[in-house]
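A.B. asks: Quick one: structure below, then a few questions.
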Amino acid sequence: MRNTLICTVGTSLFASNLAKLSDGFYPQISNWKEIKDAFDQKNFTKIAEELIKVDPKERICGAEINTIEEARNKKWISLDQLYLLVSDTDDGVNTGKVLSHYFELREDINFKKVIAVPIESLQDKYPKKFKLQGLRNLVKEIGKIIQKETKEKVAIDATGGYKAQIAIAVTLGQALDIPVYYKHEKFYEIIDFPPLPISLDFDLLGQYADLFSMFSKGECLKKSEIGELDDKLRVFVDSIEEGDDELYELNAIGEIYYTAFNLRHPFIPELKELDDLERKEPTFGDDHHYPNDFKNFVTKIWNENKWIKTCWTVPYNNQKGIKGISFFVKEEIGQKKLLGTFRSNYGARFQIELANQSLDSLNWAAVKLNEKYTYL
């Protein structure tokens, strides 16, 4: 049973509810004045202590408390752990403080762990920063939690927060077969977004594993450096004109795509480590045509990854086009191959044979090798 809830958090508890408290606004709330006084004094602990006295289904408690109260009745989740993803604003952080203390006080739920996680750059003061960094950071944080708790144990409450924030949470949940639920302020109950019976095609990731690896580490890449971008990649990146050049950066959809692959494929069951007798040391051609340290690098790759059967050098007549270390899957003469590149004083290329040569294995190896060796 799922026992960990990831909850996107907005600031409507403050702006739409507590800030508007006045006599007669919530006539059924007997302690409204105490709540208002605590809010005016920015006493966040006291706010939580007063909200505990209110029926959690009351609108004054806010969307997050309302939906989590309803989630208690869902048969597929046991509420043991709660992650509150809050915006990078004063109201966001302070809302997180109130909700954290509130749920720690809820003895009837008895969360074992309640953690508020501020999402860097998830704010509305700088829209470009929100789009390029905030939403990606949201995906990364959700990914970290899922990786830690395992996707089989997680559910997502995507009710609170910016509309784009909610959309990202729903999309990531769908991509990872994680149930998501949501409640609009006019709904009487929460609705579920069950996992869709679809799978993502990760072949493009293997083909451009080197670019995705650099993008995922926060790099911006110039058109003058990487050439014309494949049209199939444009859905995953944002582009900005910079003089006569064009600058590419991974967007939130690209972050979801990359994160979904890593969480769906932490390993490939068929790609097993080989015994020494099953492996063959890398082979090289003419010694005079390879960059400094090239042999050492290829041998290092082979030594450190026992699921690599062997490596060998392959000709490449455009050595100037090799920018550095990279790994990617390429189709040549109707066959998918895992290739690596290296550059010191000039470039060279080599092919890698795995213990299992399925396309899933090739894609996975390309991603993992880029993550491990790109910055050597």
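Take 1245 as the starting number for the sequence shown in the numbering used here and just add one per residue.
Quick reminder that beta carbons are idealized off the backbone N, C-alpha and C, glycines included.
Note that the structure is a prediction, hence the values are computed from the model and not measured.
1. What beta strand (DSSP E) runs, 3 residues minimum, are completely inside the region 1381 to 1437?
2. Given that a residue counts as buried once 16 or more other Cβ atoms are within 10 Å of its Cβ, and exposed if not, what is F1319?
3. Just the Cα atoms here: how many angstroms apart are K1544 and V1573?
4. Would Y1534 and A1496 qualify as a contact pair, given that the criterion is a beta-carbon distance under 7 Å?
5. What do you reckon, are the CB atoms on T1252 and A1413 nearer than 7 Å?
6. Leaving out the 5 sequence neighbours to the left and right, which residues in its chain are closer than 7 Å to E1514 when beta-carbon positions are compared?
7. Count the C-beta pairs between the region 1474 to 1486 and the region 1495 to 1509 that are closer than 8 Å, then say yes if the count reaches three, no if not.
8. What are the start and end residues of the alpha helix (DSSP H) that includes V1573?
9. What number of angstroms, rounded off, separates the C-alpha of V1398 from the C-alpha of K1392?
10. Can you give me the Cβ contacts of K1564 inside the same chain, cut-off strictly under 8 Å, excluding the 5 residues immediately before and after it?
11. Considering only residues of the same chain and omitting the five flanking positions on each side of I1359, which have a CB-CB separation below 6 Å?
12. For I1253, which of helix, strand or coil comes out of DSSP?
13. Which residues in the same chain as S1617 place their Cβ atom closer than 6 Å to its Cβ, once the five residues preceding and following it in sequence are excluded?
14. Taking the straight line between their C-alpha atoms, what separation do you get for L1473 and L1491?
15. Inspect the beta-carbon positions of E1517 and T1554 and report whether they are closer than 7 Å.
16. At what residues does the beta strand (DSSP E) containing Y1492 begin and finish?
17. Grouping DSSP H, G and I as helix and E and B as strand, with all else coil, what is Q1595?
18. Please list the terminal residues of the continuous beta strand (DSSP E) segment that includes L1582.
19. When you compare the region 1280 to 1295 with the region 1329 to 1347, are there three or more beta-carbon pairs, one atom per stretch, that lie closer than 8 Å?
20. Going by alpha carbons, who is nearest to A1263 out of N1247, I1273, K1407 and K1280?
21. May I ask which residues mark the beginning and end of the beta strand (DSSP E) holding T1554?
22. Quick check on the DSSP output: what are the complete alpha helix (DSSP H) runs of length 4 or more inside the region 1292 to 1318, in order along the chain?
23. Here's a check: name, in chain order, each residue in its chain whose Cβ is nearer than 6 Å to the Cβ of W1608, leaving out the five neighbours to either side.
24. The beta strand (DSSP E) spanning Y1327 covers which residue range?
25. Between E1313, E1314, N1317 and D1335, which has its C-alpha nearest Y1258's C-alpha?
26. Among Y1346, D1520, I1363 and L1265, which residue has its Cα nearest to the Cα of D1284?
27. Taking the alpha-carbon positions, what's the E1615 to F1541 distance?
28. So, at 8 Å on beta carbons, what are the nonlocal neighbours of L1349 in its own chain, with the 5 sequence-adjacent residues on each side left out?
29. In whole angstroms, give me the CA-to-CA distance for E1548 and L1613.
30. Report the residue from V1330, K1466 and G1487 whose alpha carbon sits nearest the alpha carbon of E1385.
31. For R1246, does the three-state DSSP call read helix, strand or coil?
32. Tell me the DSSP secondary structure of P1362 in three-state form.
33. DSSP three-state label for L1262, please.
34. Could you spell out where the beta strand (DSSP E) holding I1484 opens and where it closes?
35. What did DSSP end up calling K1357 once you bin it into helix, strand or coil?
36. Kindly give me the distance between the Cβ atoms of I1389 and A1402, rounded to whole angstroms, as I take these residues to be in contact under 8 Å.
C.D. replies: The structure says:
1. 1398 to 1401, 1424 to 1426 and 1435 to 1437
2. Correcting the residue identity first, residue 1319 is Lys in this sequence and not Phe. Classification for K1319: exposed.
3. 20 Å
4. no
5. yes
6. N1600, S1602 and S1605
7. yes
8. No alpha helix (DSSP H) holds V1573; the beta strand (DSSP E) holding it covers S1570 to E1576.
9. 10 Å
10. Annotation note: pLDDT 49 at K1564 (below 50); position unreliable, coordinate value reported separately. Taken in chain order, the residues that qualify are Y1590 and G1591.
11. Y1327
12. Checking the displayed sequence, the identity of residue 1253 turns out to be Val instead of Ile. Coil, per DSSP.
13. Checking the displayed sequence, the identity of residue 1617 turns out to be Tyr instead of Ser. If we look at Y1617 and ignore the five residues flanking it on each side, its Cβ neighbours are I1569.
14. 11 Å
15. no
16. D1489 to L1494
17. strand
18. Q1579 to R1587
19. yes
20. K1280
21. I1552 to V1558
22. 1307 to 1315
23. H1509 and I1512
24. I1321 to V1330
25. The sequence shown places Phe at residue 1258, rather than the Tyr named in the question. Among E1313, E1314, N1317 and D1335, the Cα nearest to that of F1258 belongs to D1335.
26. L1265
27. 15 Å
28. A1292, E1293 and I1296
29. 11 Å
30. V1330
31. strand
32. strand
33. helix
34. V1481 to E1486
35. strand
36. Their Cβ separation, rounded to whole angstroms, is 14 Å, which puts I1389 and A1402 out of contact at 8 Å.
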